[in-house]
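Its first residue numbered 363, the sequence shown is counted upward by one per residue in our numbering. For glycine and all other residues, C-beta sits at the position ideal for the given N, C-alpha and C. First the structure, in the form of structure tokens, and then the observations on it.
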Amino acid sequence: MLTPLLRAAALRASWLKFGGGNGAESVPPVGGVAIAIATLLLLPFAPLSFPVGLWIGALGMGAIGFFDDKWPLSPFQKLGFQIFTVVIAVGSGLRFDTTGSTVADAVLTGVWLVWMCNAFNVLDMMDGLSAGAGAIAAIGLAGLGLVGGAAPVVILGASLAGGFLGFLVYNAHPARVYMGDAGSLFAGFVLGAMSVEISRAMPGVQGELCTILVLGVPCFEAVFLCIVRKKKGLPVMRASRDHVAQRLVRMGYTVGGAVRRIHLAGGLLALCGIIAAVVPVEIFLTILVCVIAAAVWTGVRLARVETA
Numbered sequence: 363m364l365t366p367l368l369r370a371a372a373l374r375a376s377w378l379k380f381g382g383g384n385g386a387e388s389v390p391p392v393g394g395v396a397i398a399i400a401t402l403l404l405l406p407f408a409p410l411s412f413p414v415g416l417w418i419g420a421l422g423m424g425a426i427g428f429f430d431d432k433w434p435l436s437p438f439q440k441l442g443f444q445i446f447t448v449v450i451a452v453g454s455g456l457r458f459d460t461t462g463s464t465v466a467d468a469v470l471t472g473v474w475l476v477w478m479c480n481a482f483n484v485l486d487m488m489d490g491l492s493a494g495a496g497a498i499a500a501i502g503l504a505g506l507g508l509v510g511g512a513a514p515v516v517i518l519g520a521s522l523a524g525g526f527l528g529f530l531v532y533n534a535h536p537a538r539v540y541m542g543d544a545g546s547l548f549a550g551f552v553l554g555a556m557s558v559e560i561s562r563a564m565p566g567v568q569g570e571l572c573t574i575l576v577l578g579v580p581c582f583e584a585v586f587l588c589i590v591r592k593k594k595g596l597p598v599m600r601a602s603r604d605h606v607a608q609r610l611v612r613m614g615y616t617v618g619g620a621v622r623r624i625h626l627a628g629g630l631l632a633l634c635g636i637i638a639a640v641v642p643v644e645i646f647l648t649i650l651v652c653v654i655a656a657a658v659w660t661g662v663r664l665a666r667v668e669t670a
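Encoded structure:
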């Protein structure tokens, strides 16, 4: 219900963006606000279940994205605000418990959260892509939370997935509403924070790597873009048409076909992550090696596709 109401309000206010999967059609970028509200409705039911830093960071990232949607920031301005927000979130108790050093864990957490915010942000560039991938990742992390006995993560994952799926109805190609940076930064932070909480419930490298498997689609997108842009001598933080989904379209797939293939990959990665969390270390390592090999093969093949 939230998405159509916000869409109607944005249309009345002439708050529109152009492009995406719809050519020159104007589309309001307010879907992310609906996702955030739907997810944060959880707060009254579990106010003490998560570090306060999770809520501070999620709201802060949503606010940064909302401001950027309305009054565009430069990439470095946006990054600066993200770092500031993450510092507050980590200082408020949201951090890994991995290295045994509070400072090292805080730095590791900060880098990871900023990475996830931007990885999910760059994924949001084609109708239905990030909403579906986000729902799959949220469900996958909820599954890991179930395995690790982290009930709050299960609740949060289900809530976020519900927000994504409700929005996806209006964001599927051709999109009637976009997620906007308000949604992509909010969701990226929440997914990253969920993985931090899972790592605390499932201590050890195996648990942490399983969360990365579940979040494999946005992580692959970001790593791939960094590598191909650096190789071409292009700025990493720039708008371009060299994303994974756009390369799939140039290979001959339709917009819907490209999005469905990425969603399928996300589902397989989420399944691998959950299975890897409950098997002996030997099988876990086998899964990890196979996923890495598949990612490298896919990246090499995609990099050969010419972009405009």
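request  = Check each candidate in Gly578, Ala665, Ala657 and Gly542 and name the one with the smallest Cα separation from Leu633.
outcome  = If we check each option's Cα against that of Leu633, Gly578 comes out closest.
message = Check this for me: beta carbons of Leu518 and Leu421, under 8 Å apart or not?
response = No, Cβ-Cβ distance for Leu518 and Leu421 is not below 8 Å.
request  = Could you tell me if Val452 is buried or exposed, where buried requires 16 or more neighbouring beta carbons within 10 angstroms of its beta carbon?
outcome  = Buried is the call here.
query = Ends of the alpha helix (DSSP H) at Met556?
reply = Met556 -> alpha helix (DSSP H) spans Gly542 to Ala563.
message = Taking the beta carbon of Thr573 as the centre, do at least 16 other beta carbons fall within 10 Å, making it buried, or is it exposed?
response = Buried, by the Cβ-count rule.
task = Have a look at Asp430 and Ala544 and give me their C-alpha separation to the nearest angstrom.
result = So the alpha carbons of these two residues sit roughly 8 Å apart.
query = If you drop the 5 nearest sequence neighbours on each side, which residues of the same chain put their C-beta closer than 8 Å to that of Glu668?
reply = Annotation for Glu668: Arg612 place their beta carbon closer than 8 Å to its own, counting only its chain and skipping 5 residues before and after.
request  = Could you give the DSSP three-state label for Lys592: helix, strand or coil?
outcome  = Three-state DSSP puts Lys592 in a helix.
task = Sort Ala497, His535, Ala466 and Leu435 by Cα distance to Gly490 and report the nearest one.
result = Cα-wise, what sits closest to Gly490 is His535.
request  = Check whether the Cβ atoms of Phe412 and Pro565 lie closer than 8 Å to each other.
outcome  = It is not a contact, given that the beta carbons lie outside the stated cut-off.
ask   = Whose CA, out of Arg666, Cys652 and Thr461, lies closest to the CA of Arg591?
value = Among Arg666, Cys652 and Thr461, the Cα nearest to that of Arg591 belongs to Arg666.
key: Start and end residues, alpha helix (DSSP H) containing Tyr615   = Unbroken run through Tyr615: none, as it is neither H nor E.
query = Where in the region 442 to 512 do unbroken runs of the alpha helix (DSSP H), each at least 4 residues long, occur, reported from the N-terminal end onward?
reply = The region 442 to 512 contains these whole alpha helix (DSSP H) runs: 464 to 485 and 491 to 510.
query = Would you report the Cα separation of Ala620 and Arg609, rounded to the nearest angstrom?
reply = Cα to Cα, the separation comes out at about 9 Å.
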